[in-house]
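Sequences listed follow chains A and B, in order. For the first sequence, the UniProt record's numbering gives the first residue as 1, with consecutive numbering after it. For the second sequence, the UniProt record's numbering gives the first residue as 1, with consecutive numbering after it. Glycine included, C-beta positions come from ideal geometry on N, C-alpha and C. Keep in mind it's a predicted model, so treat the numbers as computed, not measured. Below: one structure, written as structure tokens.
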Amino acid sequence: MSDFPRWKYFLVAVVLVLGTLYGLPNLYLPKPAVQVSATHNAVIDQALEQKVTAALQAAKIAYLDANIKHDVSRGDSILIGFANGDQQKAAADALKPVLGDDYTAAYNLQSTVPGWLSAIGGRPMPLGLDLQGGVRFLMAVDQNDVVDKQEIRYTQDITSLLKDKKIPFISVARDPVRGQGVNVVLDSAADRSTASDAIATEYTDLSVTDGANTGNRYILNASIKPNQLRLLATSAIRQNLATLSNRINALGVSEPVIQAQGEDHISVELAGVQDPAEAKKVIGATATLEYVAGLGDARDPAVQDAVKTGNVPPDAHLYYGRRGEPYLVSKSIIATGDELVDASSGNDQQTGSPSVNVTLNSAGAAKMLEFTRDNVGKPMAVVYVERVVDTKIVDGKEVRTPKTTYTVINYATINGVFSNKFQTTGLGSSKEASELALLLKGGSLAASMDIVQEGVIGPSLGQDNIDKGLKAVLLGLGLVLVAAAIYYKLFGLVADVALFFNLVILVAVMSMIGVTLTMPGIAGIVLTLGMAIDANVLICERVREELRNGSTPLAAIRAGYEKAWATILDANVTHLIAALALTTMGSGPIKGFGVTLLIGILTSMFTSVTVTHAITALIHHGRKLKTLSV
Amino acid sequence: MEIFSHNSNVHFLGLRKVSIGIAILLMIASVALLATRGLNYGLDFTGGVSIETTYDKPVSVEDVRSALDKGGIENAVVQSVGGTRQVSIRFQPKDDSHYTVPEGKSPNLDLIVNDVAKALQAPRPDAKIAGKEFVGPQVGEQLRSDGVTAAIFVIIGIGVYLWIRFERRFAVAALATEVHDVLVTLGVISLVQREFDLTVLASVLAVIGYSINDKVVVFDRIRELFRSSRKADPEEVLNRSINSTLSRTIITSLFTSIAMAALYFFGGPTVHGFAITMLIGILVGTLSSIFVASPILLWLGVSKKDLMPVTKENPELARRP
Numbered sequence: 001m002s003d004f005p006r007w008k009y010f011l012v013a014v015v016l017v018l019g020t021l022y023g024l025p026n027l028y029l030p031k032p033a034v035q036v037s038a039t040h041n042a043v044i045d046q047a048l049e050q051k052v053t054a055a056l057q058a059a060k061i062a063y064l065d066a067n068i069k070h071d072v073s074r075g076d077s078i079l080i081g082f083a084n085g086d087q088q089k090a091a092a093d094a095l096k097p098v099l100g101d102d103y104t105a106a107y108n109l110q111s112t113v114p115g116w117l118s119a120i121g122g123r124p125m126p127l128g129l130d131l132q133g134g135v136r137f138l139m140a141v142d143q144n145d146v147v148d149k150q151e152i153r154y155t156q157d158i159t160s161l162l163k164d165k166k167i168p169f170i171s172v173a174r175d176p177v178r179g180q181g182v183n184v185v186l187d188s189a190a191d192r193s194t195a196s197d198a199i200a201t202e203y204t205d206l207s208v209t210d211g212a213n214t215g216n217r218y219i220l221n222a223s224i225k226p227n228q229l230r231l232l233a234t235s236a237i238r239q240n241l242a243t244l245s246n247r248i249n250a251l252g253v254s255e256p257v258i259q260a261q262g263e264d265h266i267s268v269e270l271a272g273v274q275d276p277a278e279a280k281k282v283i284g285a286t287a288t289l290e291y292v293a294g295l296g297d298a299r300d301p302a303v304q305d306a307v308k309t310g311n312v313p314p315d316a317h318l319y320y321g322r323r324g325e326p327y328l329v330s331k332s333i334i335a336t337g338d339e340l341v342d343a344s345s346g347n348d349q350q351t352g353s354p355s356v357n358v359t360l361n362s363a364g365a366a367k368m369l370e371f372t373r374d375n376v377g378k379p380m381a382v383v384y385v386e387r388v389v390d391t392k393i394v395d396g397k398e399v400r401t402p403k404t405t406y407t408v409i410n411y412a413t414i415n416g417v418f419s420n421k422f423q424t425t426g427l428g429s430s431k432e433a434s435e436l437a438l439l440l441k442g443g444s445l446a447a448s449m450d451i452v453q454e455g456v457i458g459p460s461l462g463q464d465n466i467d468k469g470l471k472a473v474l475l476g477l478g479l480v481l482v483a484a485a486i487y488y489k490l491f492g493l494v495a496d497v498a499l500f501f502n503l504v505i506l507v508a509v510m511s512m513i514g515v516t517l518t519m520p521g522i523a524g525i526v527l528t529l530g531m532a533i534d535a536n537v538l539i540c541e542r543v544r545e546e547l548r549n550g551s552t553p554l555a556a557i558r559a560g561y562e563k564a565w566a567t568i569l570d571a572n573v574t575h576l577i578a579a580l581a582l583t584t585m586g587s588g589p590i591k592g593f594g595v596t597l598l599i600g601i602l603t604s605m606f607t608s609v610t611v612t613h614a615i616t617a618l619i620h621h622g623r624k625l626k627t628l629s630v
Numbered sequence: 001m002e003i004f005s006h007n008s009n010v011h012f013l014g015l016r017k018v019s020i021g022i023a024i025l026l027m028i029a030s031v032a033l034l035a036t037r038g039l040n041y042g043l044d045f046t047g048g049v050s051i052e053t054t055y056d057k058p059v060s061v062e063d064v065r066s067a068l069d070k071g072g073i074e075n076a077v078v079q080s081v082g083g084t085r086q087v088s089i090r091f092q093p094k095d096d097s098h099y100t101v102p103e104g105k106s107p108n109l110d111l112i113v114n115d116v117a118k119a120l121q122a123p124r125p126d127a128k129i130a131g132k133e134f135v136g137p138q139v140g141e142q143l144r145s146d147g148v149t150a151a152i153f154v155i156i157g158i159g160v161y162l163w164i165r166f167e168r169r170f171a172v173a174a175l176a177t178e179v180h181d182v183l184v185t186l187g188v189i190s191l192v193q194r195e196f197d198l199t200v201l202a203s204v205l206a207v208i209g210y211s212i213n214d215k216v217v218v219f220d221r222i223r224e225l226f227r228s229s230r231k232a233d234p235e236e237v238l239n240r241s242i243n244s245t246l247s248r249t250i251i252t253s254l255f256t257s258i259a260m261a262a263l264y265f266f267g268g269p270t271v272h273g274f275a276i277t278m279l280i281g282i283l284v285g286t287l288s289s290i291f292v293a294s295p296i297l298l299w300l301g302v303s304k305k306d307l308m309p310v311t312k313e314n315p316e317l318a319r320r321p
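Rendered as structure tokens:
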């Protein structure tokens with residue numbers, strides 16, 4: 001009877017079929033495409049598609065197809081496929097003036113994987129920037145800025161708190177040392193203890209301690225609690241990530257990768273983008289909010305009239321909402337985003353419907369109180385103001401042209417008088433509520449960022465890398481296959497089959513997990529292939545040894561696999577530990593290499609041992625053997 | 001086909017004084033090299049600006065360098081990558097207000113590249129910028145400390161595993177040899193002044209994985225032979241283990257080297273450093289598996305009784321007189 005159980009044959013067959021199936025999508029090369037998407041929730045429909053195709057025909061640019069893609073998370077878009085990169089570039093240039101400001105035309109790649117394959121979840125490995133071309137930024141978040149912003153805010157808040165509570169004080173000022181909090185100087189010990197209690201109860205994030213007293217100057221120090229400071233730092237990174245994602249999505253870049261790296265870095269990878277200036281412009285944009293009185297929405301005849309004729313009342317602005325709907329809003333500003341302390345989404349306690357809770361600082365609260373007292377029942381609008389500085393290099397000098405866009409992100413009726421804390425209700429869904437909260441909060445970056453690393457990889461360089469990488473993988477594999485076949489004859493050929501499947505399964509697993517393929521990743525694949533044969537060398541040498549010791553062929557195979565297994569396991573576990581360490585190294589090229597190596601070691605253990613054993617058992621099973629071809 | 005005679009019995013351990021002596025000398029030389037010459041750190045570690053330039057017609061590195069000097073870009077490192085039409089230019093931008101954007105602290109890459117392009121295109125209008133990169137100085141520091149952390153993690157992880165699976169002496173011998181392999185590999189890189197960039201760092205860490213693999217195979221055989229032989233003279237057992245795994249050690253190294261050579265010759269300039277470091281590491285690791293690891297094991301005094309599977313003491317037997 002064969003020593004190879006039937007369920008293992010079954011397992012090998014299933015894994016090989018699945019591996020081939022999920023590795024297959026990588027053979028379908030994506031074709032260059034241009035993606036047209038809306039910037040401010042403008043409509044993507046058949047009419048736009050016709051407009052786009054007509055523009056392409058007018059410019060005499062041949063395209064393969066144009067389709068509307070529906071994507072819930074990133075909004076709809078039109079994808080136009082082209083036969084080559086030149087046509088893609090020409091088309092993007094031709095479309096930009098036609099589409100205007102409401103839409104973006106960005107380079108993208110269109111998958112050519114057949115429908116049935118994508119239906120079962122088959123997708124190719126995403127290509128890294130070094131293979132695709134694109135821009136990469138690494139940004140450091142200025143943590144000092146976070147502390148600065150908070151301490152300045154508390155300085156103002158404590159001042160108005162003391163005024164409100166009518167506690168006399170000499171001065172409230174930030175400590176000259178950053179992170180040391182706010183120093184309050186009072187003129188009696190009694191005042192100091194009342195102030196201390198008031199601050200501690202109002203602002204629980206502060207730890208309040210008595211300082212030195214000289215003469216009649218009693219000092220009180222209020223500093224942000226250390227754990228609160230850490231929380232602020234991490235939330236600053238999160239908020240910056242969210243803000244950046246919003247802005248870059250507006251850029252229309254296909255599949256941007258924006259992720260936190262380490263404690264205070266953010267890395268942004270924009271595939272297909274060749275001009276970092278455009279991306280930098282968006283990243284460096286400053287945005288703020290304005291709370292203004294609403295004068296009318298789209299149903300209002302005055303607004304309809306203003307849209308049609310362009311005659312806007314002198315005290316008003318005509319702005320558009322995120323869906324392109326017009327509003328008339330007052331020119332006088334009630335409060336700005338600088339005065340907003342926090343915005344979070346939740347549910348209204350009375351109705352249970354989605355809501356956004358907004359907290360203003362004392363200065364904003366005072367103005368809000370004054371305004372709402374006189375305007376209950378009237379509308380109020382929130383306008384998102386984004387300032388983008390367009391930098392161009394003309395004759396070696398920088399020319400900066402600022403551009404400001406205004407968007408109405410919320411338009412609601414004032415239901416009561418409020419000051420520092422209020423709620424916006426009547427939002428369609430909790431998704432909309434969280435979006436609004438993010439926009440309110442994410443208007444500006446929580447902390448300033450500095451670009452510490454920047455790289456541009458040209459598309460030709462990327463294609464060149466793909467060609468060379470593919471050649472290296474195939475030649476490396478081919479040479480090892482030939483060497484193994486010559487040295488170990490039939491057993492070598494069996495190992496070759498397994499090695500080939502190792503490549504297939506490795507690629508399949510990487511595709512399924514969605515590991516981004518990079519040049520170091522390709523180096524990892526070649527190394528894996530070179531080392532995977534080690535297990536077979538161990539097995540073959542063992543089998544030869546057993547034969548020399550006088551074992552029968554079948555016994556030699558059995559003993560060979562059994563004895564080699566312990567060695568293979570030990571050798572691979574130690575190797576796995578090394579690969580694991582590589583994956584912990586940041587997010588750069590080393591990580592890609594480490595992940596590939598890690599997966600490769602696991603797949604090679606399966607193919608080199610189980611798959612070869614299955615094939616060997618299949619070949620030698622039930623035969624009377626005198627010799628083995630090893 | 002067989003290249004190595006299966007009944008080879010070279011007395012490797014007889015050479016142990018010589019081989020360990022050479023290993024120590026190599027290590028001292030490597031440390032000296034690293035201390036004096038140091039590593040030629042790449043952009044990833046030093047920070048600065050790197051620009052890839054392609055030419056339509058072949059160009060010499062000297063021409064590029066003189067064009068840069070004339071254009072006012074000093075101390076640039078110019079290297080030809082993959083043929084005569086592609087060069088990589090690396091330099092530290094001067095701390096010049098001209099290059100620094102008002103609101104940021106980092107220099108403006110576009111302005112720098114603009115200047116470089118002008119300098120290059122003055123004598124050669126066919127020069128094109130294919131890729132550009134800027135790395136801030138603090139990024140490199142982070143990387144270096146990450147690299148050291150990863151290496152320590154690997155060494156401790158492997159040590160603990162070997163201690164559990166084998167025995168303390170095996171863990172010590174493997175780690176000592178490992179330190180030797182890494183130092184000597186780094187020493188060679190320092191000697192030839194190959195650029196030490198991120199992929200080379202990845203490769204050095206992969207060398208650790210590769211060479212430990214080699215040692216474990218020999219150790220496995222040592223454990224097996226100790227357990228199976230009745231009268232186990234450590235020196236003889238170690239020697240037999242090296243000899244019987246010799247064929248595998250060399251064939252595997254050869255196969256892996258073939259794959260790495262393919263990567264070196266066809267993979268293009270981005271993986272050159274990786275492939276060459278791996279090739280050096282494979283050579284060093286293979287030699288140390290044969291000549292260094294086992295002598296250390298012998299000196300640490302490994303013996304049969306350390307490796308026998310732990311059998312439960314039978315209380316029944318203990319009670320008997």
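- In this model, Gly211/A and Val341/A are separated by some 28 Å (Cα to Cα).
- Between the alpha carbons of Ile152/A and Ser604/A lies a distance of about 58 Å.
- Residues Gly181, Asn183, Thr209 and Gly211 of the same chain have their beta carbon placed closer than 6 Å to that of Asn221/A, with the five preceding and five following residues left out of the count.
- Secondary structure of Pro176/A (DSSP, three-state): coil.
- Ranked by how close their Cα comes to the Cα of Glu432/A, the residues Ser353/A, Ile539/A and Gly416/A have Ser353/A in first place.
- Under the 8 Å criterion on CB atoms, Glu133/B is classed as interfacial with respect to chain A.
- Between Gln143/A and Phe134/B, the gap from beta carbon to beta carbon reaches 8 Å or more.
- Under the 8 Å criterion on CB atoms, Ala483/A is classed as interfacial with respect to chain B.
- The continuous stretches of beta strand (DSSP E) do not include Glu74/B, and DSSP gives it neither H nor E.
- For the pair Gly136/B and Phe45/B, the Cα-to-Cα distance works out to about 9 Å.
- Thr372/A and Thr413/A have their alpha carbons spaced roughly 11 Å apart.
- Residues of the stretch 566–585 of chain A with a Cβ closer than 7 Å to any Cβ of chain B, in chain order: Ala566, Thr567, Asp570, Ala571, Val573, Thr574, His575, Ile577, Ala578, Ala579, Ala581, Leu582, Thr584 and Met585.
- With fewer than 16 other Cβ atoms from the protein chains shown falling within 10 Å of its own Cβ, His70/A counts as exposed.
- Between the alpha carbons of Ser460/A and Leu127/A lies a gap of roughly 14 Å.
- Rounded to the nearest whole angstrom, the CA to CA distance from Val595/A to Leu582/A is 8 Å.
- Counting along the chain, the unbroken alpha helix (DSSP H) around Gly21/B starts and ends at Arg16 to Thr36.
- Around the C-beta of Leu625/A, fewer than 16 other C-beta atoms lie within 10 Å, and the residue is accordingly described as exposed.
- In this structure Gly83/B is exposed. Its beta-carbon is surrounded by fewer than 16 other beta-carbon atoms within 10 angstroms.
- Contact of Glu541/A with chain B is assigned, a C-beta pair being separated by under 8 Å.
- By the neighbour-count definition (other C-beta atoms within 10 Å, threshold 16), Pro32/A is a buried residue.
- Residues of chain A whose Cβ lies closer than 8 Å to the Cβ of Asn213/B are, in chain order, Met531, Asp534, Ala571, Asn572, Thr574 and His575.
- Taking a contact as a CB-CB distance under 8 Å, the pair Arg65/B and Ala76/B counts as one, their CB atoms being some 7 Å apart.
- According to the DSSP secondary-structure assignment, Ala260/A is paired through a beta bridge with Ile266/A.
- Residue range Arg168 to Val192 is occupied by the alpha helix (DSSP H) that includes Val172/B.
- At a Cβ-Cβ threshold of 8 Å, Leu79/A and Gln35/A count as neighbours.
- Inclusion of Asp197/B and Gly273/B in the CB contact set at 8 Å is warranted, their separation being smaller than that value.
- Under the three-state reduction of DSSP output, Thr204/A falls in the coil class, being neither helix nor strand.
- Scanning chain A for C-beta atoms nearer than 7 Å to the C-beta of Asp220/B yields Ala566, Thr567 and Asp570, reported in chain order.
- Cβ-Cβ distances below 7 Å link Asp76/A to Ile44, Ile68, Lys69 and His70 in the same chain, with the five nearest sequence neighbours on each side left out; the list follows chain order.
- Its chain contains Val172 as the residues whose beta carbon lies nearer than 7 Å to that of Thr159/A, once the 5 sequence neighbours on both sides are disregarded; these appear in chain order.
- A distance of 8 Å or more separates the beta carbons of Asp86/A and Ile457/A.
- For the C-beta of Tyr210/B, the chain A residues within less than 9 Å are, from N- to C-terminus, Leu527, Met531, His575 and Ala578.
- Restricted to the stretch 105–191 of chain A, the beta strand (DSSP E) segments that are unbroken, complete and at least 3 residues in length are 134–141, 171–174 and 182–186, listed in chain order.
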